[in-house]
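Structure first, then comments.
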Amino acid sequence: MVKKDGVKTRLEFYAAFEKRTNDKIISIEMAGLKANPEVLGYLEIEGVPDPSCVWGLLIFCENGLYFDILPSDNIILLIMQRSSGKKDKKEKVIELHKLSGLDFKIPDRRWYDFMSSRKYLVDMKFFDTDGKEQICAFQLQKKAEKVADKFLKYSHKEK
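If you use my numbering, the sequence shown closes out at 139, no skipped numbers anywhere.
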């Protein structure tokens, strides 16, 4: 039986994820990956409802950073699937920490940011297997400054 606040479901998710990755979860943030088709192809993201913004969970762990793609844009359907233990075939976890030259940056602020969603963005850069720089961004549910420190641990600016 799931408690009203979802504690049992959350603890089950943590346990299953930690068993699958052999990594302990520190925190989780809801985020949308905004990327061009080339980046989505390199990350092997396909069959998502809206490729312009792929929603998922950024999972910050002791040893790695993961992006768990949500298999549905319908949050009610997703909750029902997850709570019943059903897995959608489109579910995918990307190990971001394994990307070459991974780097995160909060975009420079502008005076008109109060009218835009820029304050919720964190830019991500990495190099593909051909050495080409790839750029995308995560749109967070919280202001980027509030979670920026979480990303620092996983940046490794090498080429």
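C-beta atoms are modelled at their ideal positions from N, C-alpha and C, and glycine is treated no differently.
- Rounded to the nearest whole angstrom, the C-alpha separation of residue 88 and residue 105 is 15 Å.
- Excluding five sequence positions before and after residue 125, the CB atoms of its chain that fall closer than 8 Å to its own CB belong to 86, 99, given in chain order.
- Along the segment 76 to 138, the alpha helix (DSSP H) occurs as fully enclosed runs of 4 or more residues at 124 to 132, listed in sequence order.
- The three-state reading of DSSP puts residue -2 in helix, counting H, G and I together.
- By the Cβ test, the segment 7 to 21 is in contact with the segment 40 to 51, since at least three Cβ pairs between them sit closer than 8 Å.
- The Cβ atoms of residue 50 and residue 36 sit closer than 8 Å to each other.
- For residue 20, the closest C-alpha among the options 131, 31, 11 is that of 31.
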